[in-house]
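Undergrad:
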Amino acid sequence: MNVISSADDLRHQVASWAQSKSKIAFVPTMGNLHEGHLSLVRAAHQYGDKVVVSIFVNPLQFGANEDLAGYPRTPDADKVLLQAEGVDVLFLPGEKEIYPDESDQQVLIEVPDLDDILEGKNRPGHFQGVATVVKRLLDLVNPDVAIFGKKDYQQLLVIRRLVADLGLQVRIEGLDTVREADGLAMSSRNKYLSPDERQLAPIIYQTLKESAALLVSGTETVAEIIGRGREILEKKGFTVDYLTVCRQNDLAPLATPMEPNEKALVILIAARLGTTRLIDNLELNLV
Ligand code: PAF
């Protein structure tokens, strides 16, 4: 595995692959890798002849009250994992490679409608930071395919919209969330859960599944299903930021009672357990 930290070196590598008509599959990450990331890397080999993974903890997507300095950074362990997955290039840039005028980054990419709802409402500026860094990374890596997890569902939609509106020549693949045996979605944040909180955390996924089953059965309104889910979570000690049923393609909340023509739905939850904020979602395709 070639570890590259300069944007120029990366461009040279990518140009030489282009000459040999190699397809590039790209997995952007912020490091501290777990099975969820590695499943994306494994899938990347199916989409490209060459696999590039980036690790960059992007300051632009952290809010003023979010702990950028405390974000877990484990580059040595990450390198070992990526080497074992047969990654061709690990792009490990410093801040200046991504934001050349680092103290004065002015240009931000906005994806109105999508970037200030749900996660965006709770984390103002977050998706502008994500969209801006992803555009920059796509420009540098110039991949044929870029791969993201569906756990960050709203992020995936923001990126799809960015690519569509700017006419970027890259295919975006969204892959299913990888879960622990008890259903908890894998996340770098899970390690902040106390043993007691870790026991409770799978209730988020259980609530998603129960809500989905109720939607399918059609016995309750969306408002009732949401109310029931919130109650279960709150009784167990979660603070629920949102539990909502939306249209998959634009995250428009479903009207109550349910519109019969809405078939491709996603249920999304963000909830805090102690100081740890967890998000998860479940797609539901009604027939
Ligand atoms: O999902 C992440 O790890 C980050 O938001 C991403 C897409 C790498 C951008 O910094």
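No gaps in the numbering here: position 183 of the sequence shown is 183 in our numbering, and each next residue is one more. The C-beta atom is built at its ideal place from N, Cα and C for all residues, glycine as well.
How long is the line joining the alpha carbons of Val134 and Leu38, rounded to whole angstroms?
TA: Cα to Cα, the separation comes out at about 19 angstroms.
Undergrad: Measuring alpha carbon to alpha carbon, tell me which of Ile267, Pro28, Glu283, Arg272 ends up nearest Val222.
TA: Answer by Cα proximity: Ile267.
Undergrad: For Val53, which residues does DSSP report across the bridge?
TA: According to DSSP, Val53 bridges with Val27, Leu90.
Undergrad: Where does Ile293 fall in DSSP's three states?
TA: Residue coverage of the chain in this structure runs from 1 to 287, which leaves residue 293 outside it and unanswerable.
Undergrad: Please find out if some non-hydrogen atom of ligand 1 comes closer than 7 angstroms to the beta-carbon of Val134.
TA: Correct: Val134 has its Cβ closer than 7 angstroms to ligand 1.
Undergrad: Does the Cβ of Pro75 lie closer than 7 angstroms to at least one heavy atom of ligand 1?
TA: The answer is no for Pro75.
Undergrad: When DSSP labels each residue in this structure, what does Asp182 get in the three-state scheme?
TA: The answer is coil: DSSP assigns Asp182 none of H, G, I, E or B.
Undergrad: Restricting to runs no shorter than 4 residues, where is the alpha helix (DSSP H) found entirely within the region 114 to 153?
TA: Qualifying alpha helix (DSSP H) stretches, in chain order: 119 to 122, 126 to 141.
Undergrad: For the region 180 to 189 against the region 198 to 206, are there 3 or more C-beta pairs whose distance is under 8 angstroms?
TA: Counting Cβ pairs under 8 angstroms, three or more are found: they touch.
Undergrad: When DSSP builds the beta bridges, which residues end up paired with Leu175?
TA: Beta-bridge pairing links Leu175 to Gly149.
Undergrad: Ends of the beta strand (DSSP E) at Thr207?
TA: That residue, Thr207, is in no beta strand (DSSP E); its alpha helix (DSSP H) goes 203 to 217.
Undergrad: For Tyr242, which residues does DSSP report across the bridge?
TA: Note: Tyr242 sits in a beta bridge opposite Ala270.
Undergrad: Residues in the same chain with beta-carbon distance under 7 angstroms from Gln83, minus the five sequence neighbours each way, listed in chain order, please.
TA: Excluding residues within five positions, the ones whose Cβ falls inside 7 angstroms are Met1.
Undergrad: Is the closest heavy atom of ligand 1 to the C-beta of Asp280 under 7 angstroms?
TA: Result no, Cβ not under 7 angstroms from ligand 1.
Undergrad: Relative to the C-alpha of Asn285, which candidate in Val14, Asp115, Cys246, Ala270 has its C-alpha closest?
TA: Answer by Cα proximity: Cys246.
Undergrad: Within a Cβ cutoff of 6 angstroms, which residues of the same chain sit near Arg272, ignoring the five residues on either side of it in sequence?
TA: Around Arg272: Thr239.
Undergrad: Just how far apart, CA to CA, sit Glu66 and Glu180?
TA: Those two C-alpha atoms are separated by around 26 angstroms.
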